[in-house]
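Quick mapping for you: the protein sequence lines, in order, are chains V and P. Going by our numbering, the residue at position 165 of the first sequence is 165; the numbering climbs one at a time, nothing skipped. Adding 356 to a residue's 1-based position in the second sequence gives its number in our numbering. One structure below.
There are 2 protein chains.
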Amino acid sequence: MSPRRVTLADVAKAAGVSRTTASLVLSGRGRELRISQDVEQRVLRAADELQYRPNIVSVGLRTGTSRTIGFVSDTVATSRLAGDMIKGALEAARERGFMLFIGETEGDAELERLLLQAMHDRQVDGLILASMFTRTIKVPKSMTAVPAVLLNALPDQPTPLPAVLPDEVEAGRRAARVLLEAGHRDGIYLIGAGPGVRDVPRESVAAVERLVGIREALGEAGLKVAGGRTCPDWQPEYGLAATRDLLETARPRALICFNDRIAMGAYQALDDAGLNVPDDVSVVSFDDHPIASWIRPRLTTVALPHYELGRKAVDVLFNEIGGDRADADRSGEVHRVPMPLRRRESIAPPPAPLSG
Amino acid sequence: MSPRRVTLADVAKAAGVSRTTASLVLSGRGRELRISQDVEQRVLRAADELQYRPNIVSVGLRTGTSRTIGFVSDTVATSRLAGDMIKGALEAARERGFMLFIGETEGDAELERLLLQAMHDRQVDGLILASMFTRTIKVPKSMTAVPAVLLNALPDQPTPLPAVLPDEVEAGRRAARVLLEAGHRDGIYLIGAGPGVRDVPRESVAAVERLVGIREALGEAGLKVAGGRTCPDWQPEYGLAATRDLLETARPRALICFNDRIAMGAYQALDDAGLNVPDDVSVVSFDDHPIASWIRPRLTTVALPHYELGRKAVDVLFNEIGGDRADADRSGEVHRVPMPLRRRESIAPPPAPLSG
DNA sequence: CTCCGTTGCTAAATCGGGTTAGCGCCGATA
DNA sequence: TATCGGCGCTAACCCGATTTAGCAACGGAG
Chain V
1 MSPRRVTLAD
11 VAKAAGVSRT
21 TASLVLSGRG
31 RELRISQDVE
41 QRVLRAADEL
51 QYRPNIVSVG
61 LRTGTSRTIG
71 FVSDTVATSR
81 LAGDMIKGAL
91 EAARERGFML
101 FIGETEGDAE
111 LERLLLQAMH
121 DRQVDGLILA
131 SMFTRTIKVP
141 KSMTAVPAVL
151 LNALPDQPTP
161 LPAVLPDEVE
171 AGRRAARVLL
181 EAGHRDGIYL
191 IGAGPGVRDV
201 PRESVAAVER
211 LVGIREALGE
221 AGLKVAGGRT
231 CPDWQPEYGL
241 AATRDLLETA
251 RPRALICFND
261 RIAMGAYQAL
271 DDAGLNVPDD
281 VSVVSFDDHP
291 IASWIRPRLT
301 TVALPHYELG
311 RKAVDVLFNE
321 IGGDRADADR
331 SGEVHRVPMP
341 LRRRESIAPP
351 PAPLSG
Chain P
357 MSPRRVTLAD
367 VAKAAGVSRT
377 TASLVLSGRG
387 RELRISQDVE
397 QRVLRAADEL
407 QYRPNIVSVG
417 LRTGTSRTIG
427 FVSDTVATSR
437 LAGDMIKGAL
447 EAARERGFML
457 FIGETEGDAE
467 LERLLLQAMH
477 DRQVDGLILA
487 SMFTRTIKVP
497 KSMTAVPAVL
507 LNALPDQPTP
517 LPAVLPDEVE
527 AGRRAARVLL
537 EAGHRDGIYL
547 IGAGPGVRDV
557 PRESVAAVER
567 LVGIREALGE
577 AGLKVAGGRT
587 CPDWQPEYGL
597 AATRDLLETA
607 RPRALICFND
617 RIAMGAYQAL
627 DDAGLNVPDD
637 VSVVSFDDHP
647 IASWIRPRLT
657 TVALPHYELG
667 RKAVDVLFNE
677 IGGDRADADR
687 SGEVHRVPMP
697 LRRRESIAPP
707 PAPLSG
């Protein structure tokens with residue numbers, strides 16, 4: 001059905017030279033190995049006319065490479081998150097002529113093993129091990145076979161693998177600062193975690209780090225968090241319940257919600273209580289989920305830079321692949337990607353303290 | 357750094373036989389080619405002890421295959437949609453021992469060409485060409501080189517390629533029927549398209565087909581659409597505007613929104629007008645975006661079966677790959693995947709016609 | 001006239017498997 | 001004793017590229 005692929009041998013024959021010569025010319029080493037201008041031109045023209053493309057599989061067999069990297073995540077589907085991360089990785093890889101194998105483990109260690117095996121069988125040149133929410137993971141021992149990078153994850157034990165993570169502490173600072181800049185001094189409550197540093201969901205690195213950043217920025221201004229409510233899960237209904245609960249005993253002037261879904265629930269609780277965002281209560285959040293620009297007023301939030309995380313992971317990986325190992329001292333390094341603030345409509349100066 | 361991979365030669369040496377014999381045993385053809393039990397056991401044990409795994413790259417060079425399929429979409433990142441579709445494809449492929457190359461074109465024809473080329477260079481065994489919203493696409497001519505399937509897309513010209521699509525017409529019928537079952541007879545309005553068959557956004561196959569299904573189901577019950585409002589884009593703000601506009605002149609008893617984002621806007625317009633969902637107005641929608649179960653009352657919607665679409669595309673593709681071409685008459689076939697109804701809380705019987 | 005160095009190219013090995021053709025040995029038969 | 005056939009295994013080639021080692025032709029020097 002499909003016409004057989006054009007091979008190097010075809011080009012060589014068309015140019016009237018040996019395969020060796022054709023290979024030399026096409027790999028650019030013709031000059032240094034004294035191939036004549038005449039032959040060089042003949043080979044190049046033949047390759048062009050026949051539309052020759054080297055077979056990467058063959059090169060792979062010879063060189064042990066595949067111009068391919070494996071992207072293994074625990075879940076690609078749970079959120080838009082993953083899509084953007086993959087997109088970033090995809091583009092960064094493509095710019096270097098690399099393709100991406102995608103795999104997902106769903107947290108199953110056996111599946112992970114099989115997947116990594118399948119990728120090794122295909123001689124991937126590098127691996128990205130990604131988690132869809134920031135957390136610590138157990139690094140499979142087969143990861144040492146090729147260069148690898150952890151994405152959105154930290155190793156549970158010291159490893160030489162570099163890691164790429166969002167800068168959550170700075171994000172916490174940003175969320176707090178945007179309220180400070182608007183003039184808020186007190187009545188700042190947290191929804192989703194806090195107020196204490198130990199009031200966080202299990203295993204959530206993001207919660208801990210955001211909380212640290214928030215407390216730090218407020219502390220620098222000589223202020224403190226007025227209070228907080230934890231949520232068993234960061235979903236709208238828990239945000240609604242937590243905010244409702246808070247409103248029974250307190251009159252917040254600003255809420256820092258630990259993600260946009262919680263903020264969505266908080267919006268509803270505030271609305272139910274007859275409070276206006278942002279005139280009565282300012283709201284700032286994290287993630288920049290699409291929902292953040294759909295709800296009214298549009299939500300000011302500190303964005304998870306998924307696209308950039310994906311790109312950065314590939315950049316770091318290529319550093320490992322191409323690295324002359326001279327920079328082995330850089331291994332195990334943790335790269336933090338900035339989380340940008342998306343200024344929208346949910347923050348205003350605090351109301352005059354009439355109803356105190 | 358990494359210990360060299362175990363090759364067939366290693367196994368053969370360990371078992372004290374030739375590579376040929378080892379290959380024969382491991383490929384299961386030992387029996388028919390009269391390899392002795394003794395030798396067979398020795399080879400199998402050696403392979404097991406050395407943890408031998410055949411190098412797929414090498415096999416690929418020999419056989420021209422790669423146990424890999426390429427998944428090319430216009431965008432992987434714009435919606436959760438893509439994630440689930442890829443997940444379905446991923447799992448179906450994995451069950452057959454295949455991996456997936458992911459690529460995205462962003463609608464750029466040149467990028468698409470390069471991507472398909474890169475995949476051909478890696479000898480993919482099949483291709484899935486996916487669109488993130490149902491539409492007609494121009495099929496690149498290089499698609500004929502290997503088996504291929506269109507996913508969520510129709511060819512703009514007749515091709516022998518099979519296509520996999522959601523069953524939007526039946527989805528339209530389901531949306532209408534769920535209202536009929538609740539007792540609705542009149543005051544059924546459309547938001548996003550309609551009421552006429554030509555009142556649809558450009559290029560949206562989904563809009564056309566959903567509309568056809570809705571009109572059909574109502575027609576069978578001897579009813580008609582009471583009216584409709586088109587939206588320039590299917591986003592919440594346009595759903596809000598369209599519904600607000602509708603409420604100025606009409607008093608709907610039920611809304612069929614053309615997707616969940618529109619429904620989200622419609623909810624807000626209804627709320628602003630002091631109308632309760634579902635007691636005053638029932639709402640049904642399409643897509644089953646995560647938002648549908650976040651907004652209150654939770655939205656009844658006809659789900660886009662992304663996961664199933666991905667799986668089905670791979671199933672159909674393997675049919676092409678493994679096909680003995682005897683079923684060439686089946687080529688160009690369009691496979692429709694059912695869109696399941698998610699019954700939630702946004703539908704109730706119509707109010708008693710007091711304020712009619 | 002021989003030796004040597006340069007020029008310009010190519011034969012052959014290699015990567016790791018699959019596959020085809022056939023070899024050596026044994027016992028049975030003519 | 002030569003022949004034949006079945007058994008059990010292996011040498012050798014193939015896939016498509018890269019790479020090493022080396023060959024043939026030529027000119028100039030000794």
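Cβ coordinates follow ideal geometry from the N, Cα and C atoms, glycine included.
Worksheet entry | Runs of alpha helix (DSSP H) wholly within the region 73-109 of chain V (minimum 4 residues, chain order) | 80-95
Practice prompt. Check His-691 of chain P in the structure and name its three-state DSSP category.
Written response: strand
Discussion item. Between Met-339 of chain V and chain P, is the shortest Cβ-Cβ distance under 9 Å, so that the two count as touching?
Written reply: no
Worksheet item: Just curious, the beta strand (DSSP E) that Met-488 of chain P is in, first and last residue?
Response: 482-493
Item to complete: Taking Arg-113 of chain V as the query, report the chain P residues whose CB atoms sit under 8 Å from its CB, ordered along the chain.
Response: Result: empty, since nearest Cβ-Cβ is about 12 Å, beyond 8 Å.
Worksheet item: Between the Cα of Glu-462 of chain P and the Cα atoms of P:Met-475, P:Val-428 and P:Leu-483, which residue gives the shortest distance?
Response: P:Val-428
Discussion item. Under 9 Å, Cβ to Cβ, is there at least one residue of chain P near Ser-282 of chain V?
Written reply: no
Worksheet item: Is there a Cβ from chain V that is less than 9 Å from the Cβ of Phe-457 of chain P?
Response: yes
Worksheet item: When the cut-off is 9 Å and only beta carbons count, does Asn-411 of chain P lie next to chain V?
Response: yes
Worksheet item: Given Thr-257 of chain V, which residues of its chain have a CB within under 7 Å of its CB, disregarding the five upstream and five downstream residues?
Response: Looking at the sequence itself, residue 257 of chain V is Cys, so the reference to Thr does not match. For Cys-257 of chain V, where only same-chain residues beyond five positions count, the Cβ hits under 7 Å are Ile-191, Gly-192, Gly-239, Ala-263, Ala-266, Val-283 and Ser-285.
Practice prompt. With DSSP collapsed to three states, give me the class of Tyr-148 of chain V.
Written response: For clarity, residue 148 of chain V is Ala in the given sequence; the question names Tyr instead. Three-state DSSP puts Ala-148 of chain V in a strand.
Worksheet entry | Touching by the beta-carbon criterion (3+ pairs, under 8 Å), the region 35-50 of chain V and the region 2-11 of chain V | yes
Discussion item. Can you tell me whether Glu-388 of chain P is buried or exposed? The criterion is at least 16 other CB atoms within 10 Å of its CB, across all chains shown.
Written reply: exposed
Practice prompt. With a 10 Å radius around its C-beta and 16 neighbouring C-beta atoms as the bar for buried, classify Glu-308 of chain V as buried or exposed.
Written response: buried
Discussion item. I'd like to know whether the C-beta atoms of His-645 of chain P and Met-441 of chain P end up nearer to each other than 9 Å.
Written reply: no
Practice prompt. Assign Ala-708 of chain P to one of three DSSP states: helix, strand, or coil.
Written response: coil
Worksheet item: Which runs of the beta strand (DSSP E), 3 residues or longer, sit entirely within the region 176-237 of chain V?
Response: 188-192 and 227-230
Discussion item. Given this structure, state the Cα-to-Cα distance separating Val-495 of chain P from Ala-313 of chain V, to the nearest angstrom.
Written reply: 33 Å
Worksheet item: Using a C-beta cutoff of 9 Å, does Thr-424 of chain P count as contacting chain V?
Response: yes
Item to complete: State the beta-bridge partners of Gly-70 of chain V as determined by DSSP.
Response: V:Phe-101 and V:Leu-127
Fill in: Helix, strand or coil at Arg-698 of chain P according to DSSP, with G and I counted as helix
strand
Worksheet item: With C-beta atoms as the reference, is Asn-615 of chain P less than 9 Å away from Trp-590 of chain P?
Response: yes
Item to complete: Classify Ala-708 of chain P as buried or exposed, calling it buried when 16 or more other Cβ atoms lie within 10 Å of its own Cβ.
Response: exposed
Worksheet entry | Arg-202 of chain V classed as buried or exposed, judged by whether at least 16 other C-beta atoms fall within 10 angstroms | exposed
Worksheet item: Between which two residues does the beta strand (DSSP E) carrying Ile-612 of chain P extend?
Response: 610-613
Worksheet item: With a CB to CB cut of under 8 Å and the five nearest residues on each side skipped, what residues in its chain are close to Phe-457 of chain P?
Response: Thr-424, Ile-425, Gly-426, Phe-427, Met-475, Arg-478 and Val-480
Practice prompt. Run the CB neighbour count on Lys-348 of chain P, radius 10 Å, all protein chains shown included, and call it buried at 16 or more, exposed below.
Written response: Because chain P in this structure spans residues 357 to 712, residue 348 of chain P falls outside the shown range and cannot be described.
Fill in: Start-to-end residues for the alpha helix (DSSP H) that takes in Thr-377 of chain P
375-382
Worksheet item: Which residues in the same chain as Leu-90 of chain V place their Cβ atom closer than 7 Å to its Cβ, once the five residues preceding and following it in sequence are excluded?
Response: Leu-100
Discussion item. For Ile-321 of chain V, tell me which candidate among V:Gly-16, V:Val-281 and V:Pro-147 has the shortest Cα-Cα distance.
Written reply: V:Pro-147
Worksheet item: What first and last residue would you give for the beta strand (DSSP E) that runs through Asp-287 of chain V?
Response: 282-287
Item to complete: For the alpha helix (DSSP H) containing Val-672 of chain P, list its first residue and its last residue.
Response: 662-678
Worksheet item: chain P beta carbons: is any one of them nearer than 9 Å to that of Leu-275 of chain V?
Response: no
Worksheet item: Does the beta carbon of Gln-37 of chain V sit closer than 9 Å to a beta carbon anywhere in chain P?
Response: no
Fill in: Between the CA atoms of Val-337 of chain V and Leu-165 of chain V - distance to the nearest angstrom
6 Å
Worksheet item: Which chain P residues sit within Cβ distance under 7 Å of Ala-118 of chain V?
Response: Met-455
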